[in-house]
Structures are given as structure tokens and as C-alpha cells.
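Engineer:
There are 2 protein chains.
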Amino acid sequence: MALGKDYATQECSIARALEIIGERWTLLVVRDALYGVRRYNDFLVHLGIPRAVLAARLQTLTAEGILEKRRYQQSPPRDEYVLTERGIALWPTLRALGQWGREHFTEARLRYFRHADCGTELGPYGECPACGTVVPVEDVLMVPGPGLDPDPADPVSRALLRPRRLLEPLDPEPAERIG
Amino acid sequence: MALGKDYATQECSIARALEIIGERWTLLVVRDALYGVRRYNDFLVHLGIPRAVLAARLQTLTAEGILEKRRYQQSPPRDEYVLTERGIALWPTLRALGQWGREHFTEARLRYFRHADCGTELGPYGECPACGTVVPVEDVLMVPGPGLDPDPADPVSRALLRPRRLLEPLDPEPAERIG
DNA sequence: CCTAATGGTTCGGTCACTGAACCGACGGTG
DNA sequence: CACCGTCGGTTCAGTGACCGAACCATTAGG
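Protein chains in written order, with full-length UniProt numbering: chain A, 1 to 179; chain B, 1 to 179.
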């Protein structure tokens, strides 16, 4: 959050949580990480976030144990940022927030979240109404809805158009497209 | 949020939601409203928020249909801010966020949320494990836990120490206390 | 008339965010 | 080898959100 990042007077776990993930862009970074984004550049083009802010957020999230910085190739040295268990645990929050936004402020349906095992759309609490179980994040299938731009400009958005499980690593093809 | 409040490039209901409730303090105002706080001054002393920011947030939340400004006495004219249905619908989000904060960053137990009808503590998704139903917000009983300061300075925090249902209007006694 | 309570508005200062430029390590090509 | 491109940053000037303190308007009560 802007300026004083903390809520010193608050004895409240909501306030503690907001001190960590309440700053601008932070939750969108976590959302993208859930969608499978892992690389600095992919976050950058997909979010349209200033580079400096992205670097700061990745560092904070790593320091707080929400992301883990991990070298995935030696030469040239390249790191990726992967959600930890603590980060994955933000899924119910993001789901609830997205649901609220959709019900109250979005007209068209942008994405569906389904139980990968049976294809049923998740219920309001992230459970599978058919199976009667809470669906673990890796078994959530994200499917684009009719409201989503079918031909977005950036390669990350394009890669996210394929139905995919949450957390499944994203690998956008290079940005070539001529017509 | 600071500066550009919007996330223009994002086709996402999470981003839409964050444009509205993602600014600093906003979610804490909504939390307090769920706890029963309704008056400007009560928000002020309980949150320790700058007056100008509080006024701005109340106005935005009212404009977005999350709070409703309502005159509760004519002379002197006094208004209170009450959650609308749209605001109450943020409860699952706040609950999930608080749960995450508690599990990952808070040591002591600050508050319990119970089903008022049977006294059972709510499960991870806001349901009552005993009754097997999702508990409506008005039937959630908030009970202070052992980690909470038993004698806080401000009268609002003191009034919130009593077990109480969510949304139940708060009426802090005037700030007298001598010992 | 004076004081207190409530619900603001105004204002100067600070600091987070923004966008653009720059940078260093490495790889590939000619 | 020179040159270019990619990736993952850092630096920096400018802007505007947030901060805290002061001020103000309305009404009531003594």
C-alpha cells in the first residue's frame, strides 16, 4: 500500500494480510502466478506493470515466502518465480474476490473454473458440486469464457487462452504473428 | 490504489474488484462495517485513518454501492454508513483473507467466528461443520480470542470485545474510563 | 455566550508509483 | 571479433496518493 505500509493500530489478521499483499499490483502478481506465469518478462508484458515495481513486488513476495525464486537454467542464468504453499493458499481469497467482482461489476463471463476430473464448474466456495469435495488448486481447470478477447496482443494472454490447469507452467511462444 | 487506480490492460474480474476495493484502507473500512461500525467517528478512532482519506473512502464506497449513507437522526443531522448487499457480499473474501493472514502470519488467536445458532466454530469456507450449512453473515457470532488486548484504548475496540453478531450496529459508550 | 460533539475540508510535506532510459551478462550471427 | 537481441533488472525525474495537523460548520447543552 502507499506510504505507511502497515496498519499499526490494528489487531487483526486481515490487517496483517493486507500489509503483505495489499500493495498495488501484488495480488495480480499472485493471480498470474496461479495461472502459471513464472518469468519476470511474462509478468511484465501480461500485467503492464512498471519494471521497478515488478522487481520490488517479486522481492517482497519472495521474502515473505509467497514466491520462491528458483534457477531453471544455468547459462545464461535465468530464474523463475514459483508459488510456495503459502502463496497457493491465497487461492480461496483470490477466488472469492474474483467472484465478487464478477457478480457485481463484470458483465460478460471472462473465465470458467472447472473441476479437471469431471468438468463441473466450481461452486461458490471452490468446491465441486458434483463430487462434493473441495478441489485442490492443481485440479482446477481454467477455461476462457465468451467475454474474453479472442486475439489479445501479448503472447502471455494468448497462451492463457488455452484451457489449462492452475499452476501449470506457462510457456508462451515467442511474439511473432504477422497475419 | 496509488496513482493510476485502474489496471487498464487486465481482462479480469479480480482486477475490476481491486480497482474498487484495492486502495489502502478500503478493505479495513468494509471489515469494520461488517463488525458493526457505522459512524464516521467510530471508523476514525478504530482505524487510525487520516480524516481526509476516510471521507474519500466512504464516498467511493457509497458511490460504488457498497455502503449506503443513511440519516439516522434529523437534528443535528447525522448520517451512518451501512453495508449494502454488495458490501456484505465481501464477507467471503474478507474471511478468506483473514484466515490466510492468521494461518501464515499471526501467532495468537485474535477472534473466533462461530455459528450463532449452535456455537460451532466456522469451517474454512464459512460453513458450519455441525449444521452442514453455509452460515449467513448475520448469524456469524464474533468472539474475542486470547490474543486480543483485553483493555484497548479506544472505545470502539472496547465495544468490539463483547461477543456480537456481524452487522449488529455498534454503540460504543463514551470514552470515559478512570480505573 | 461558551463549550463540546460530529463530520467533515484544506493544506503543506512526504513517499510510493510511473514511465522511460540505461545497464550488464550472455548467446547467436556474420 | 563486432554487433545485435534477450532477459532481468536498476536509476531517475515527475506526479499524485497518502499523511497529519489545523481549521471549519452545524447543532446542542449549560
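We put the beta carbon where it would ideally sit given N, CA and C, even for glycine.
Does the beta carbon of A:Gly101 come closer than 7 Å to any beta carbon on chain B?
Structural biologist: Output row for A:Gly101: interface = yes.
Engineer: On the DSSP letters alone, give me the boundaries of the alpha helix (DSSP H) that A:Asp42 sits inside.
Structural biologist: Run containing A:Asp42: 40 to 47, per the alpha helix (DSSP H) assignment.
Engineer: From B:Leu170 to A:Arg16, what does the alpha carbon distance come to, in whole angstroms?
Structural biologist: 23 Å
Engineer: Rounded to a whole number of angstroms, what is the C-alpha to C-alpha distance between A:Asp42 and A:Val156?
Structural biologist: 6 Å
Engineer: Let me know the secondary structure DSSP gives B:Asp32 once reduced to three states.
Structural biologist: helix
Engineer: Answer with buried or exposed for B:Arg95, where buried requires no fewer than 16 other C-beta atoms within 10 angstroms of its C-beta.
Structural biologist: buried
Engineer: Compare the C-beta of B:Arg114 with all C-beta atoms of chain A and state if any pair is closer than 7 Å.
Structural biologist: no
Engineer: Please report the distance separating the alpha-carbon of B:Asp6 from that of B:Cys12.
Structural biologist: Cα to Cα, the separation comes out at about 12 Å.
Engineer: Pull up the distance between the alpha-carbon of A:Glu85 and that of A:Cys128, whole angstroms please.
Structural biologist: 21 Å
Engineer: When the Cα atoms are used, what is the spatial distance from B:Ser75 to B:Arg51?
Structural biologist: 23 Å
Engineer: In whole angstroms, give me the CA-to-CA distance for B:Arg162 and B:Pro146.
Structural biologist: 13 Å
Engineer: How big is the Cα-Cα spacing for B:Val29 and B:Glu19?
Structural biologist: 16 Å
Engineer: Within its chain, find whatever has a CB closer than 6 Å to the CB of A:Glu121; leave out the 5 residues flanking it on each side and keep chain order.
Structural biologist: Here A:Glu121 has Tyr112, Arg114 as same chain residues with Cβ atoms under 6 Å from its own Cβ, once five neighbours each way along the sequence are excluded.
Engineer: Would you mind listing the beta strand (DSSP E) stretches within the region 92 to 173 of chain B that are 3+ residues and don't spill past its ends, in chain order?
Structural biologist: 111 to 115, 140 to 144
Engineer: Among residues of its own chain, excluding the 5 on either side of A:Lys69, which ones have a beta-carbon nearer than 7 Å to its beta-carbon?
Structural biologist: Answer for A:Lys69: Thr62, Asp79, Tyr81, listed in chain order.
Engineer: Per DSSP, which one or two residues make a beta bridge with A:Lys69?
Structural biologist: DSSP output for A:Lys69 lists A:Tyr81 as bridge partner(s).
Engineer: In terms of residue numbering, what span does the alpha helix (DSSP H) encompassing A:Thr60 cover?
Structural biologist: Going by DSSP, A:Thr60 is part of the alpha helix (DSSP H) stretching over 51 to 63.
Engineer: Among B:Leu160, B:Leu141, B:Met142, which residue has its Cα nearest to the Cα of B:Pro150?
Structural biologist: B:Leu160
Engineer: Check for me: the alpha helix (DSSP H) holding A:Glu19 runs from which residue to which?
Structural biologist: Segment 13 to 21, the alpha helix (DSSP H) holding A:Glu19.
Engineer: Is the beta carbon of A:Arg31 less than 7 Å from the beta carbon of B:Ile14?
Structural biologist: Yes, the Cβ-Cβ distance between A:Arg31 and B:Ile14 is below 7 Å.
Engineer: In angstroms, rounded to a whole number, what distance separates the CA positions of A:Leu110 and A:Pro152?
Structural biologist: Their backbone Cα atoms lie some 13 Å apart in a straight line.
Engineer: Under three-state DSSP, which class holds residue 255 of chain B?
Structural biologist: Since the displayed chain B opens at 1 and closes at 179, residue 255 of chain B lies outside it and no answer follows.
Engineer: Say whether chain B places a C-beta atom closer than 7 Å to the C-beta of A:Phe43.
Structural biologist: Cβ-Cβ to chain B under 7 Å: no for A:Phe43.
Engineer: Rounded to the nearest angstrom, what separates A:Glu23 and B:Gln59 at their Cα positions?
Structural biologist: Going from the Cα of A:Glu23 to the Cα of B:Gln59 covers about 21 Å.
Engineer: Tell me which residues share the same chain as B:Glu64 and place their Cβ nearer than 6 Å to its Cβ, disregarding the 5 neighbours each side in the sequence.
Structural biologist: Ile20
Engineer: When Cβ atoms are compared, which residues of the region 17 to 33 of chain B fall closer than 9 Å to chain A?
Structural biologist: Ala17, Leu18, Glu19, Ile20, Ile21, Gly22, Glu23, Arg24, Trp25, Leu27, Leu28, Arg31
Engineer: Distance, Cα to Cα, B:Asp154 vs B:Val45?
Structural biologist: One Cα belongs to B:Asp154, the other to B:Val45, and the distance between them is close to 7 Å.
Engineer: Can you tell me whether B:Gly179 is buried or exposed, with buried defined as 16 or more other CB within 10 angstroms of its CB?
Structural biologist: Any reading at B:Gly179 must be qualified, since the residue scores a pLDDT of 31, below 50, and its modelled position is unreliable; the value itself is stated next. With fewer than 16 other Cβ atoms within 10 Å, it is exposed.
Engineer: Could you tell me which of B:Gly98, B:Ala33, B:Ala8, B:Gln99 sits nearest to B:Arg165, measuring between CA atoms?
Structural biologist: B:Ala33
Engineer: Whose CA, out of B:Val140, B:Arg102, B:Trp100, lies closest to the CA of B:Gly119?
Structural biologist: Nearest in C-alpha terms to B:Gly119, of all of B:Val140, B:Arg102, B:Trp100, is B:Val140.
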